[in-house]
Structure formats: C-alpha cells, structure tokens
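Residue numbers (this note's numbering): -5 to 68.
Now the structure itself:
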C-alpha cells in the first residue's frame, strides 16, 4: 500500500519551494546588491559582456540548503 502521507508532505514542500522561488523572482530587482556582490564576475569587451554572479549563486545556494535542511529534518 502506498504511503500517501509522505507523498503529501513532499508535494507541500515542493509547493512551498516553488512559492518561495516565485517570490524571490518577483522581488529580485528590488533587493539591493543582489547580483552585484563582491566576487561576481563581470567582463566587458567592445561588443561583448560576460556576467556570472558567482557570489550571489553561492549565497543563494547556502540559503536554499539551510531552508531545505530545516524542512526535511527527521
């Protein structure tokens, strides 16, 4: 017999994660400094710009890992 209780918890957690991701995407332009942190890589050439937000990615990864750790703690 399938365990619907754990499936339901997984769906709720996925829904909360998607909701949080949506809120971050909506308000990301209003968060000061996000995407322009020290350590973000920006290279400008004549007709070429390369932008890689390394520090921002690491910071968001750590934040998402912390939130996931709190939600999925057994």
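Cβ atoms here follow ideal geometry from the backbone N, Cα and C, with glycine treated the same way.
- Rounded to whole angstroms, the separation of the alpha carbons of residue -3 and residue 48 is 40 Å.
- Within the same chain, and ignoring the five residues on either side of residue 28 in sequence, the residues whose Cβ sits closer than 8 Å to its Cβ are 22, 50.
- The criterion of a C-beta distance shorter than 8 Å is satisfied by residue 46 and residue 35.
- The beta-carbon distance between residue 37 and residue 44, rounded to whole angstroms, is 4 Å. This is short enough to meet the 8 Å contact definition.
- Rounded to whole angstroms, residue 12 and residue 33 show a C-alpha spacing of 27 Å.
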